[in-house]
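S.K.:
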Amino acid sequence: MKTTVAVAVGAGLLLAGTAWASGHSAHWGYSGHEAPEFWGDLSSDYAICKSGKNQSPIDVASLVEAELSPIVFQYHGVPLDIVNNGHTIKVNYAPGSSVIVNGHTSNLLQFHFHTPSENTVKGQFFAMEAHLVHSDDVGNLSVVGVLFEEGSSNPFIEGLWGHMPEKTGVSKSLPEVTVNVTDMLPAKKSYYRFNGSLTTPPCSEGVSWMLLKNPVPVSKAQAVKFHTLMGVDNNRPIQPVNARPVLQ
Ligand SMILES: [Zn+2]
Numbered sequence: 024m025k026t027t028v029a030v031a032v033g034a035g036l037l038l039a040g041t042a043w044a045s046g047h048s049a050h051w052g053y054s055g056h057e058a059p060e061f062w063g064d065l066s067s068d069y070a071i072c073k074s075g076k077n078q079s080p081i082d083v084a085s086l087v088e089a090e091l092s093p094i095v096f097q098y099h100g101v102p103l104d105i106v107n108n109g110h111t112i113k114v115n116y117a118p119g120s121s122v123i124v125n126g127h128t129s130n131l132l133q134f135h136f137h138t139p140s141e142n143t144v145k146g147q148f149f150a151m152e153a154h155l156v157h158s159d160d161v162g163n164l165s166v167v168g169v170l171f172e173e174g175s176s177n178p179f180i181e182g183l184w185g186h187m188p189e190k191t192g193v194s195k196s197l198p199e200v201t202v203n204v205t206d207m208l209p210a211k212k213s214y215y216r217f218n219g220s221l222t223t224p225p226c227s228e229g230v231s232w233m234l235l236k237n238p239v240p241v242s243k244a245q246a247v248k249f250h251t252l253m254g255v256d257n258n259r260p261i262q263p264v265n266a267r268p269v270l271q
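Our numbering applies: residue 24 is where the sequence shown begins, and numbers increase by one.
(1) Compute the beta-carbon to beta-carbon distance between Val269 and Val83, rounded to the nearest angstrom, for a pair I have assumed lies under 8 Å.
(2) Rounded to the nearest angstrom, what separates Val247 and Val241 at their Cα positions?
(3) Applying the criterion that 16 or more other CB atoms from any shown protein chain within 10 Å of the CB defines a buried residue, is Asn265 buried or exposed?
(4) Using C-beta distances below 7 Å, list every residue in its chain close to Ser66, excluding the 5 sequence neighbours before and after it, in chain order.
(5) What does the Cβ neighbour count give for Glu88, buried or exposed, with the cut at 16 atoms within 10 Å?
(6) Is the CB-CB distance between His99 and Asn130 below 8 Å?
(7) So does His250 have its beta carbon nearer than 7 Å to some heavy atom of ligand 1?
(8) Ligand 1: which residues have Cβ under 6 Å from any of its heavy atoms, chain order?
(9) For Ser175, which residues of its own chain have a beta-carbon under 8 Å away from its beta-carbon, when the five flanking residues on both sides are left out?
(10) Determine the direct distance from the alpha carbon of Asp68 to that of Pro209, and round the result to whole angstroms.
(11) Among Gln271, Pro260, Arg267, which residue has its Cα nearest to the Cα of Pro139?
(12) Please say whether His127 and Asp159 have beta carbons closer to each other than 8 Å?
(13) If you follow the beta strand (DSSP E) that Thr251 is in, where does it begin and where does it stop?
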């Protein structure tokens, strides 16, 4: 059971950019007939986008106090592998970087961006949100979310946007450019913890979310550059929290 889910989820994550081009899964998007409100009807593979009770993103509002273990970040610099898959800009991360939470290791697979933010805090949207997607050895997914608030120019983003492929379906592998996503994290690493899903089809559940509380800056021009390239708000609307506790 777990293995099946992991394989399906992994394929959804890693092949999202090419799957629609090769016709293996339904085309989806953020506007028109492929907009988020229709995702659950586009394909039986996406049914949980509509029927799921633990969907992401959410509005973080009602909090449960808990003793959350610190996230131990063990990210290393890797050669830049960046792709424009038509839904987002994604950086594929070479193996060897991980987070450890409660002694449990999850390996960083990729990170990507949404603008405006997907998760909100007490109803407030942020200018941008990055998702750092991890998988443990049996395919359980966890996502570390980083919120960006409009402010000063972000040097990490500036460097990344300089290599951003402008055309959909284009990826760049730049062995001479090193990226270390540690440089994108806020100094304080406290976080909100909740269960959720992928925020794109197939909307698979069982994803452990850790949303960092402290935002990092992004300039308006940097957020606009990404938004203009996407041509649309690439954030899924807020989903009902239902019975889920949000821990802090
Ligand atoms: Zn995402």
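Glycine is no exception: its CB is placed at the ideal position from the N, C-alpha and C atoms. Fair warning: this is a prediction, and the values are worked out from it, not measured in the lab.
M.R.: On the basis of the data shown:
(1) Numbered from its first residue, the sequence shown carries residue 269 at position 246. Numbered from its first residue, the sequence shown carries residue 83 at position 60. At roughly 5 Å, the Cβ-Cβ gap stays under 8 Å, so Val269 and Val83 are in contact.
(2) On the sequence shown, residue 247 is found 224 positions in, with the first residue counted as 1. On the sequence shown, residue 241 is found 218 positions in, with the first residue counted as 1. Between Val247 and Val241, the C-alpha separation is close to 10 Å.
(3) Position 242 of the sequence shown, counting from 1, holds the residue named residue 265. Using a 10 angstroms sphere on the CB of Asn265, the tally of other CB atoms stays under 16, which defines it as exposed.
(4) On the sequence shown, residue 66 is found 43 positions in, with the first residue counted as 1. Result list for Ser66: Ser48, Ala49, in chain order.
(5) For this step, residue 88 is matched to residue 65 along the sequence shown. Exposed, because fewer than 16 other Cβ atoms sit within 10 Å of the Cβ of Glu88.
(6) In the sequence shown, counting from the first residue as 1, residue 99 sits at position 76. In the sequence shown, counting from the first residue as 1, residue 130 sits at position 107. In this structure, Asn130 does not lie closer than 8 Å to His99 by Cβ.
(7) Translated into the one-based positions of the sequence shown, residue 250 becomes position 227. Relative to ligand 1, even the nearest heavy atom lies 7 Å or more away from the CB of His250.
(8) Residues with a Cβ closer than 6 Å to any heavy atom of ligand 1, in chain order: His135, His137, His154, Thr222.
(9) Position 152 of the sequence shown, counting from 1, holds the residue named residue 175. Excluding residues within five positions, the ones whose Cβ falls inside 8 Å are Pro240, Ser242.
(10) By 1-based counting over the sequence shown, the position of residue 209 is 186. By 1-based counting over the sequence shown, the position of residue 68 is 45. The straight-line gap from Cα to Cα measures roughly 36 Å.
(11) Here residue 139 is taken as the residue at index 116 of the sequence shown, counted from 1. Out of Gln271, Pro260, Arg267, Pro260 has the C-alpha closest to the C-alpha of Pro139.
(12) Here residue 159 corresponds to residue number 136 of the sequence shown, with the count starting at 1. Here residue 127 corresponds to residue number 104 of the sequence shown, with the count starting at 1. In this structure, His127 lies closer than 8 Å to Asp159 by Cβ.
(13) Your numbering for residue 251 matches position 228 in the sequence shown. Thr251 -> not in any beta strand (DSSP E); alpha helix (DSSP H) instead, spanning 243 to 253.
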